[in-house]
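**Student:**
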Amino acid sequence: MPVDESAELQQLIMMSGQAPDDQVEGVLLRLNQAGSYGRVAPGRDSIVISAFGDREMIRSLALEDIPGVEKVLPVSKPYKLVSADAAAERTVIQVRGRRIGGDNFGLIAGPCTVESREQTLETARAVNAAGATMLRGGAFKPRTSPYSFQGLGSEALAILAEAREDTGLPLVTEVLDPRQLEEVVATADVLQIGARNMQNFLLLAEVGKTDKPVLLKRGASASLEELLMAAEYILKEGNPRVILCERGIKTFERSTRFTLDISAVPVLQEETHLPVIVDPSHPAGRRELVPALARAAVAAGADGIIVEAHPAPEEALCDGPHLIPTSRFAAFAEEITRLVGVMGKQVG
Ligand code: PEP
Ligand code: MN
63 MPVDESAELQ QLIMMSGQAP DDQVEGVLLR LNQAGSYGRV APGRDSIVIS AFGDREMIRS
123 LALEDIPGVE KVLPVSKPYK LVSADAAAER TVIQVRGRRI GGDNFGLIAG PCTVESREQT
183 LETARAVNAA GATMLRGGAF KPRTSPYSFQ GLGSEALAIL AEAREDTGLP LVTEVLDPRQ
243 LEEVVATADV LQIGARNMQN FLLLAEVGKT DKPVLLKRGA SASLEELLMA AEYILKEGNP
303 RVILCERGIK TFERSTRFTL DISAVPVLQE ETHLPVIVDP SHPAGRRELV PALARAAVAA
363 GADGIIVEAH PAPEEALCDG PHLIPTSRFA AFAEEITRLV GVMGKQVG
């Protein structure tokens, strides 16, 4: 049987050093029959077989019952609290009556950046009328260039609070630095950790000490394991309410701004009990592609999307090319909502 080199090590099967060959063969055969495989490391006192393949499948083989097997040691993942094994059910995150996770799909929308009171209120009202469940908006912006607009900061938080008052939508906004945390926590309903800060471990630990849900975005060059380890920092501090977000990664492909790694959705949902959402805006880089990426996210089983919209994208101070005009947002939301229904979920 060909060996799948990408299969993961799941268990170490310990046998006595005196175990006869046919007992060792018995274990290998059982693994092979299940589409898994074992590698034998013979020793004087013990023989160790490393079992590679699907975790649940190998677990169901009950290898400990095979003659000659003394002990089976599961190889635990480096992340623990975020692991799917650590919770009996998938985590559902509730914020001001809105839910993300389980059968509840979060439709988070709003401006990339809070530029003015009018622009933010107009966007908030449009996305709310279209059925969005949360409002996003950047107050403190992580910009590649120090000369680009850095966000309105405290003034933006006040504008977002007004938009929440006006629409009832819970607020998602980014915190860049532990020094801003107290101020952002005072206004935000959900703390966003952006891609550039995914491995800012000090910041992760600090948001882990708050009682606010955290929307953690995948770094553009981070593996899914690194994303899960970053989430582990937050849970380790006592905050279990983390939403993971795939937002595109850097590849050689130049036709989009980032490559949306759609397989991140099922892979993460297999690995963790935390909700997994997708940002179709930043990877697209241009608005024409956003609906297709958003549909792909829903079809892949995502627990939500976070999308950027603007009343006049051509005048936007940040990310103009991929912003959905608010005039087109209702049609976009309607299509997504229908697809969410097809997936057996509801926009929550
Ligand atoms: C954002 O959502 O505003 C943002 C800056 O995204 P990212 O951190 O994914 O680049
Ligand atoms: Mn943006």
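So in this note's numbering, spot 66 of the sequence shown is number 128, and the numbers just go up one at a time. For every residue, glycine included, the Cβ atom is placed at its ideal position computed from N, Cα and C. Keep in mind the model is a prediction, meaning the values are calculated, not measured.
What residue ranges within the stretch 280 to 352 form continuous beta strand (DSSP E) runs of no fewer than 3 residues, ordered along the chain?
**Tutor:** 304 to 308 and 338 to 340
**Student:** Which of the three DSSP states is assigned to Glu70 in this structure?
**Tutor:** Glu70: coil per DSSP, three-state reduction.
**Student:** At the level of alpha carbons, what is the spacing between Met196 and Gln73?
**Tutor:** Straight-line Cα distance between these residues: approximately 42 Å.
**Student:** Give the DSSP-derived three-state secondary structure of Ile255 in the structure shown.
**Tutor:** strand
**Student:** In the DSSP assignment, find the alpha helix (DSSP H) that holds Ser122 and state where it starts and stops.
**Tutor:** Arg117 to Ser122
**Student:** Short check: CB of Ala395 to CB of Leu385, under 8 Å?
**Tutor:** no
**Student:** How about Arg117: is its Cβ closer than 7 Å to a heavy atom in ligand 1?
**Tutor:** no
**Student:** With distances taken from CA atoms, which of Gly406, Leu351 and Thr321 is nearest Ala361?
**Tutor:** Gly406
**Student:** Going by the C-beta, is Asp381 closer than 7 Å to any heavy atom of ligand 2?
**Tutor:** Asp381: yes, Cβ under 7 Å from ligand 2.
**Student:** Going by CA-CA distance only, name the one from Asn301, Cys174 and Val327 that's closest to Gly256.
**Tutor:** Cys174
**Student:** Which of the three DSSP states, helix, strand or coil, is assigned to Ile398?
**Tutor:** Residue state for Ile398 is assigned as helix, using DSSP reduced to three classes.
**Student:** Within its chain, find whatever has a CB closer than 7 Å to the CB of Asp381; leave out the 5 residues flanking it on each side and keep chain order.
**Tutor:** Cys174 and Glu370
**Student:** State yes or no: is the C-beta of Ala357 nearer than 7 Å to some heavy atom of ligand 1?
**Tutor:** Looking at the sequence provided, one finds Arg at residue 357 rather than Ala. For ligand 1, not one heavy atom lies less than 7 Å from the Cβ of Arg357.
**Student:** When the Cα of Glu132 is compared with those of Ala81, Arg106 and Ala356, which residue comes out closest?
**Tutor:** Ranking the options by Cα distance to Glu132, first place goes to Ala81.
**Student:** Say yes only if the C-beta of His344 is nearer than 7 Å to one or more non-hydrogen atoms of ligand 2, and no if none qualify.
**Tutor:** Because some heavy atom of ligand 2 lies under 7 Å away, the Cβ of His344 counts as near it: yes.
**Student:** For Ala356, which three-state DSSP category applies?
**Tutor:** helix
**Student:** For Phe114, name the three-state secondary structure that DSSP assigns.
**Tutor:** strand
**Student:** Between Thr313, Glu294 and Ile311, which has its C-alpha nearest Glu333's C-alpha?
**Tutor:** Looking at the Cα atoms, Glu294 is the closest of the given residues.
**Student:** Let me confirm a value: Tyr435 is counted as buried when at least 16 other C-beta atoms fall within 10 Å, else exposed. Which label applies?
**Tutor:** In this structure the chain extends from 63 to 410, so residue 435 is not present and cannot be described.
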